[in-house]
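One structure is given below, encoded as structure tokens.
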């Protein structure tokens, strides 16, 4: 039976609350959403019958004089299954997860040059991954290296020419299930909110700061992505850190991206290789085109003074940007993610940079800095989380008929 828009909205609101709180009682759902207790009881009873949620123990309410036990509800795993995929210049990755974010199967393909990645290449490997699965897939989420707009559905909105001819409409047309697209960092933040945050942290705002080819951050505010419909929000790679710095692709000078992004670090390291006879890079690779982030970090640890200056300046720029964000955004946690943060020395340098707080207030900041382990599957799992959010929670597609 088709549900009314009001019923679907109430259903979506309650399900989202259970996801973001991880465990919560019916009465607390009613208090936090403003939905009447009777309606909450009715809708959660339907969710229990559909095996979408489950009872997860009891909790004694200290505010209730009678000491009544609250029955806690949580998401029931294995209700439905979703594919998450990430597209990047270095690789494409695929995961199958259930609705609770448990990874069941995964695969990835690395390539030497971005030119290897095309719409046809991605579709071929995505469909191949789907054929291997013994699960009924409800939908596919795809994390993209740019932005997605309903008004320009077929395109990845980015100034990177690599993705100019990448056709999202063709992907959707070739898939047997619905497809949902979102920025890769938005997806990663969504996974933290839905799958990974502990109940104690479920109401805490956070920043997800990603360093890759470019630099982007997402602000999760009150369990929603802040500024989700404004594609300029989060483009911290284009914050000016040096007014007289190098010219960025965006047309401005001194953007953080020109100091700290992987693309620019590699670009500058290749220039060093060609112009500096003393650089250790010459002992690590035979051609400047072979330089990647891993080679740069090897030179860094070998003591290449030019590379050390290059990397230290990048981390100072990142630290400066995060410090500035903390004065603009309410966030109790900052997740940092990127291949460069696999290096403990780099993380220590960033923490030292962030330890210098502005001397403005008496109380020190108790913000957590969390290093998210880098993996080629982080974005794909995030895409699965976004898929769960759009298909299961917001759209309630399983209840439309």
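In the working numbering, the protein residues as written are 3 to 403.
Yeah, the Cβ is synthetic: ideal placement off N, Cα and C, and Gly gets one too.
Since we're looking at a predicted model, the values are computed, not measured.
In this structure residue 189 is buried. Its beta-carbon is surrounded by 16 or more other beta-carbon atoms within 10 angstroms. In this chain, the alpha helix (DSSP H) harbouring residue 276 covers 264–277. Under a 10 Å Cβ-count criterion, residue 394 is classified as buried, with 16 or more other Cβ atoms of the shown protein chains found around its own Cβ. Residue state for residue 107 is assigned as strand, using DSSP reduced to three classes. Only exposed fits residue 57, as fewer than 16 other CB atoms lie within 10 angstroms of its CB. The beta carbons of residue 331 and residue 243 sit about 18 Å from each other, so the pair does not count as a contact at 8 Å. DSSP places residue 148 outside both helix and strand once states are collapsed to three, so it counts as coil. If you draw a straight line from the Cα of residue 387 to the Cα of residue 379, it is about 12 Å long.
Sequence-distant partners of residue 80 (beyond 5 residues in either direction) whose C-beta falls short of 6 Å from its own C-beta, in its chain, are 100.
For residue 234, no alpha helix (DSSP H) encloses it, and the DSSP letter there is neither H nor E. At a cut-off of 3 residues, the continuous stretches assigned as beta strand (DSSP E) that sit fully inside the segment 159–235 are 181–185, 208–213, 217–223.
Under the three-state reduction of DSSP output, residue 254 falls in the coil class, being neither helix nor strand. Between the beta-carbon of residue 271 and that of residue 320 there is about 17 Å, and that puts the pair past the 8 Å contact cut. Between the segment 9–21 and the segment 31–48 there are three or more inter-stretch CB-CB distances shorter than 8 Å, so the stretches are counted as touching. Annotation: residue 304 to residue 318 spans about 20 Å, alpha carbon to alpha carbon. Contact between the segment 150–169 and the segment 101–115 is absent: fewer than three C-beta pairs spanning the two stretches fall below 8 Å. With fewer than 16 other CB atoms across the displayed protein chains lying within 10 angstroms of its CB, residue 252 is exposed. When DSSP states are grouped into helix, strand and coil, residue 84 belongs to the strand group. Distance from the CA of residue 98 to the CA of residue 132, rounded to the nearest whole angstrom, comes to 9 Å. For residue 131, the enclosing alpha helix (DSSP H) begins and ends at 121–133. For the pair residue 193 and residue 345, the Cα-to-Cα distance works out to about 24 Å. 285 is the residue among 343, 285, 139 whose C-alpha sits nearest the C-alpha of residue 306. In the structure shown, the three-state DSSP call for residue 48 is helix. With the rule of 3 Cβ pairs closer than 8 Å, the segment 336–354 does not count as touching the segment 231–238. Checking the DSSP bridge columns, you'll see residue 56 partnered with 76. Going by DSSP, residue 377 is part of no alpha helix (DSSP H) at all; its letter is neither H nor E. Taken atom to atom, the span from the alpha-carbon of residue 238 to that of residue 71 is near 46 Å.
Taken through DSSP and simplified to helix, strand or coil, residue 94 comes out as strand. The Cβ-Cβ distance between residue 211 and residue 324 falls below 8 Å. The three-state reading of DSSP puts residue 347 in helix, counting H, G and I together.
By the Cβ criterion, the segment 129–148 is in contact with the segment 175–190, since at least three pairs of Cβ atoms, one from each stretch, lie closer than 8 Å.
Take the alpha-carbon of residue 39 and the one of residue 31: they are about 8 Å apart. Separation of the CB atoms of residue 340 and residue 196 is rounded to 22 Å, and the pair is thereby denied contact status at 8 Å.
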